[in-house]
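Enquirer:
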Amino acid sequence: MVRPTTPDATATLYVCGITPYDATHLGHAATYLAFDLVHRLWLDGGRDVHYVQNITDIDDPLLERAERDGIGWSELAAREIQLFREDMTALRILPPRDYIGAVEAMDEVSAAVARLLDMGAAYRVEDAEHPDVYFDVAAAPKFGYESRYDLPTMLALAAERGGDPERPGKRNPLDPVLWRTERPGEPAWDSPLGPGRAGWHIECSVIAGNRLGATIDVQGGGSDLIFPHHECSAAHSEVLTGVAPFARHYTHAAMISLDGEKMSKSRGNLVFVSTLRAAGVDPLAIRLALLSGHYRTDRPWRDELLEAAAARLARWRTAAGRAGADASFVLREVRSALTDDLDTPAAIASLDEWAADDSLDGALVADAVDALLGITLR
55 MVRPTTPDAT ATLYVCGITP YDATHLGHAA TYLAFDLVHR LWLDGGRDVH
105 YVQNITDIDD PLLERAERDG IGWSELAARE IQLFREDMTA LRILPPRDYI
155 GAVEAMDEVS AAVARLLDMG AAYRVEDAEH PDVYFDVAAA PKFGYESRYD
205 LPTMLALAAE RGGDPERPGK RNPLDPVLWR TERPGEPAWD SPLGPGRAGW
255 HIECSVIAGN RLGATIDVQG GGSDLIFPHH ECSAAHSEVL TGVAPFARHY
305 THAAMISLDG EKMSKSRGNL VFVSTLRAAG VDPLAIRLAL LSGHYRTDRP
355 WRDELLEAAA ARLARWRTAA GRAGADASFV LREVRSALTD DLDTPAAIAS
405 LDEWAADDSL DGALVADAVD ALLGITLR
């Protein structure tokens, strides 16, 4: 369902960040690009934007990759975070006001978990070796309202996406971990809960809430985060603050596929932004290729998309240098398309028509494409 955003003078945006154990692939780029458009449209509308993004710089996949490659986990995280930022800069994605790593936020997360325990909304499993702390989903009576999935779907996705529904001692198979107690050979942080580290969902709840307040305008991420991640993050936040909803809009970017499968690190079917850049591909052609599909539509990546985008970019850049008749109507068309659920295909179609009309001026349109689509033409 498409609904208008109605932020105050300062719009608030939280987008879930990377787990930095590998380079930025085009699926990541498509997600951050979608919310970059939201960011740009709010700025174009005269609003300030407080944008926060986390970095899950400690998690099982990171530890596993570091062990496989014989590198320290923190060294691996630092390397991949730097590469991610370089890729985002090259793609002209406006940076968040706050980049917050899980490691940096460990004290505030553990404090929030302690509060949930005090409230009776969390509990420790009866496990002498690993008395981990779990969230009791029964404490969130609206649990499930965001994803609207049925119970079998929730259970299947929890098992697939980092949960442990079969663990003995849990009150409900869907209860997510809040604090994972120390394991041999794993990093741990001291806290009133005992040595350990934060669960994934509570990490985002706390980082977002402590910077943006109890209710934010938009929580964003890929569609693979709808459940359990966004559902659980919202539940944690709403119990902690007593305020619902956690976000006025839960917005999800669709998946980019390659060879018929969702592009993901686990499958290894990846096209990396950094690899394309190293091969001499114009990053703005990558950006334009991703914009050619609607952000909510699952779509395949093909080399032809990049070739078409490079050719389109060249045509637009030629048109940007023209002097001619007033083209302000093109700006209105592009704005109208983007404010209608980020309809980038419609915006691109208007710009293609402008570029093909040799009578139209280029300067104003070039400025609009720079500000709204993030593509430099001059």
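The sequence shown begins at 55 in the working numbering and counts up one residue at a time. Glycine included, every Cβ here is placed at the ideal spot set by N, Cα and C. Predicted model only: the values in this text are computed from it and were never measured.
Which residues share a DSSP beta bridge with Phe-189?
Expert: Ala-176, per the DSSP bridge assignment.
Enquirer: Tell me which same chain residues have a C-beta within less than 6 angstroms of the C-beta of Gly-263, skipping the five on either side of it?
Expert: Answer for Gly-263: Ser-291, listed in chain order.
Enquirer: Considering only DSSP beta bridges, list what Ala-65 is partnered with.
Expert: Paired residues: Val-103.
Enquirer: Count the C-beta pairs between the stretch 77-92 and the stretch 145-154 that are closer than 8 angstroms, then say yes if the count reaches three, no if not.
Expert: The stretch 77-92 vs the stretch 145-154: in contact.
Enquirer: In the structure shown, what three-state DSSP assignment does Trp-440 receive?
Expert: Only positions 55 to 432 of the chain appear in the structure, and residue 440 is not among them; the question remains open.
Enquirer: What are the residues that DSSP puts in a beta bridge with Gly-274?
Expert: Val-69 and Thr-305.
Enquirer: Just to confirm before moving on: does the CB-CB distance between Leu-426 and Asp-102 stay below 8 angstroms?
Expert: In this structure, Asp-102 does not lie closer than 8 angstroms to Leu-426 by Cβ.
Enquirer: Quick check on DSSP: helix, strand or coil for Asp-121?
Expert: For the sequence presented, residue 121 should be read as Glu rather than Asp. Here Glu-121 sits in helix by DSSP.
Enquirer: Does the Cβ of Leu-396 have 16 or more other Cβ atoms within 10 Å, making it buried, or fewer, making it exposed?
Expert: It is buried - the Cβ of Leu-396 has at least 16 other Cβ atoms within 10 Å.
Enquirer: What separation, rounded to the nearest whole angstrom, lies between the Cα atoms of Ser-259 and Thr-398?
Expert: Approximately 30 angstroms, taken between the alpha carbons.
Enquirer: Can you tell me where the beta strand (DSSP E) holding Leu-232 begins and where it ends?
Expert: Where Leu-232 is concerned, the enclosing beta strand (DSSP E) stretches over 231-235.
Enquirer: Run through DSSP, which three-state label would Tyr-254 get?
Expert: In the sequence as presented, Tyr is not what sits at residue 254; that position holds Trp. Here Trp-254 sits in helix by DSSP.
Enquirer: Since Leu-312 is in the beta strand (DSSP E), which residue starts that stretch and which ends it?
Expert: It spans 310-312 - the beta strand (DSSP E) in which Leu-312 sits, taken as one unbroken run.
Enquirer: For the beta strand (DSSP E) containing Asp-152, name the first residue and the last one.
Expert: Asp-152 -> beta strand (DSSP E) spans 152-155.
Enquirer: Taking the alpha-carbon positions, what's the Glu-214 to Val-419 distance?
Expert: C-alpha separation (whole angstroms): 46 angstroms.
Enquirer: Roughly how many whole angstroms lie between the Cα atoms of Glu-387 and Asp-415?
Expert: Those two C-alpha atoms are separated by around 15 angstroms.
Enquirer: Can you tell me which of the three DSSP states His-284 falls into?
Expert: The answer is helix: DSSP assigns His-284 an H, G or I state.
Enquirer: Could you please give the first and the last residue of the uninterrupted alpha helix (DSSP H) stretch that includes His-93?
Expert: Start and end: 80-98.
Enquirer: At least one CB of chain C closer than 8 angstroms to the CB of Phe-300: is that the case?
Expert: You won't find chain C in this structure, because it holds only one protein chain.
Enquirer: Between Ala-88, Ala-132, Glu-134 and Tyr-199, which lies nearest to His-284 when the distance is taken from Cα to Cα?
Expert: Out of Ala-88, Ala-132, Glu-134 and Tyr-199, Tyr-199 has the C-alpha closest to the C-alpha of His-284.
Enquirer: If you drop the 5 nearest sequence neighbours on each side, which residues of the same chain put their C-beta closer than 8 angstroms to that of Arg-321?
Expert: Hits under 8 angstroms: Glu-315.
Enquirer: Would Met-317 be called buried (16 or more neighbouring beta carbons within 10 Å of its own) or exposed?
Expert: Classification for Met-317: buried.
Enquirer: Compare the C-alpha of Arg-218 against each of Ala-194, Val-187 and Glu-236 and name the closest.
Expert: In the sequence on display, residue 218 carries Asp and not Arg. The option with the nearest alpha carbon to Asp-218 is Val-187.
Enquirer: If I'm right that Leu-116 touches Ala-132 with Cβ under 8 angstroms, what's the distance once you round it to whole angstroms?
Expert: Wrong, their Cβ atoms sit about 11 angstroms apart, outside the cutoff.
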